[in-house]
Amino acid sequence: MTELSAEHLEVRGQDAEAAEARPRVQRRMAPIVPAQNIAGRALVLVIAIMTFLSCLTFGAVTLVRDTASVWENQISREATIQIKPVDDLDMEAALAQASQMAGEFPGVKATRIIDREATARLLEPWLGSGLNIDELPVPRLIIVTIDENSPPDFAAMRAAITPKLPSASLDDHRTWVDRLVAMARTTVTIGIAVLALMLSATVLTVVFATRGAMAGNGHIIEVLHFVGAEARFIAREFRRHFLVTGMKGAAAGGAAAVLVFIVFSWWSSRNMATPQADQATALFGNFAIGSAGYLGVVLMVLVIGGLTAATSHATVVAYLSDIDVRQPDAG
């Protein structure tokens, strides 16, 4: 009996030593801000929607700006000679004569006559397919490619062509392109203003969400603050939580916007041969925002995620400062 008791005590002693040797399992502390709740999921959705709309706005602004730049460059690259059909006019001979006269001017690189098929294709959206342009008084066009560095004298060109071909007119596109560029710049300005409003709405949404999270955990925050927890520690916890939340929503919204851009670009390339696509391409390009646009989407995601974290940090600091003002002798 004595031997069994001694062995039993020895085994218990070994178990106690092993228990002391094992590392103590620390209880995991709950975060100040709940990792997942209904408000958090709703905030992710709201940020995703705002990011999606912001990226679409940014892409539209980029597209319009690039198109306006193309229009401005076209002013210095091309001009058009239009010849209207009149009685007893040999259209083909008149086109050849006007093309030759324009090509002789210094500063003109080349001339190109728009053939019958291309002319009918330009009119197809309005007059339908199978059009015979010989049966209608359809003007014919000549594209004049000019030297950007040394453009020709358009007044002298008009003075030389008009007496020999009274139905011909030279258009350097400056008037209507200037109006389109002015409209595009106005659209870009409006788009930037809309983008600023969306970012402001995102910031206000984060402010309300942060205040709601603090109201739900206000007693914990006040106790931590009064027992000596630094404001930057509490603010860091909120900043970390809302940074993750903001990046999740911004990444989802940015990915959706990129998908929309890819779909539009694919649709534009698939319908490139249709007359409607030709008209849309002439006005807006091929609906491709380019690498700068995709880089802007990534930047937008980072900006919205950073704004979310910075806004929550500022809100928490202001809240804790208000506690100190209301209860200066607490703690």
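Adding 3 to a residue's 1-based position in the sequence shown gives its number in the working numbering.
Backbone N, C-alpha and C fix where the C-beta goes; we use that ideal spot for every residue, glycine too.
Note that the structure is predicted; figures quoted are calculated from it, not measured.
Beta-carbon proximity of residue i to residue j, cut-off 7 Å
| i | j | result |
| --- | --- | --- |
| Ile149 | Gly110 | yes |
| Met104 | Arg143 | no |
| Ala82 | Val184 | no |
| Met303 | Phe61 | yes |
| Phe108 | Met53 | no |
| Thr314 | Val47 | no |
| Met186 | Leu56 | no |
| Gly194 | Ala71 | no |
| Trp74 | Val180 | yes |
Expected contact under 8 Å - CB spacing of residue i and residue j to nearest Å
| i | j | result |
| --- | --- | --- |
| Ile208 | Leu310 | Inspection of the sequence shows that residue 208 is occupied by Thr rather than by Ile. Contact doesn't hold; Cβ gap of about 10 Å is too wide. |
| Gly256 | Ala99 | At roughly 57 Å, the Cβ-Cβ gap does not stay under 8 Å, so Gly256 and Ala99 are not in contact. |
| Ile237 | Leu323 | 7 Å |
| Ile292 | Thr65 | 5 Å |
| Thr213 | Val319 | 7 Å |
Counted within 10 angstroms of its Cβ, other Cβ atoms place residue i as buried (16 or more) or exposed
| i | result |
| --- | --- |
| Leu198 | buried |
| Lys167 | exposed |
| Gly252 | buried |
| Val226 | exposed |
| Ile86 | buried |
| Pro155 | buried |
| Ala321 | exposed |
| Val261 | buried |
| Gly231 | exposed |
| Val328 | exposed |
Nonlocal neighbours in the same chain, by C-beta distance under 6 Å from residue i, ignoring five residues either side
| i | result |
| --- | --- |
| Ala312 | Arg242, Phe245 and Leu246 |
| Thr190 | Val67 |
| Gly296 | Gly62 and Thr65 |
Nearest-angstrom Cα separation, counted from residue j out to residue i
| i | j | result |
| --- | --- | --- |
| Phe267 | Ser102 | 38 Å |
| Arg188 | Ile136 | 37 Å |
| Ser271 | Phe264 | 11 Å |
| Val301 | Ser203 | 19 Å |
| Asp325 | Ala234 | 12 Å |
| Ala317 | Asn152 | 54 Å |
| Val89 | Ser170 | 7 Å |
| Phe211 | Val49 | 12 Å |
| Arg115 | Thr165 | 19 Å |
8 Å Cβ shell around residue i - same chain, five flanking residues per side excluded
| i | result |
| --- | --- |
| Phe157 | Ala82, Leu173 and Asp175 |
| Leu126 | Leu134, Ile136 and Val141 |
Neighbourhood of residue i by C-beta distance below 7 Å, restricted to the same chain and skipping five residues each side
| i | result |
| --- | --- |
| Arg119 | Ile136 |
| Asp91 | none |
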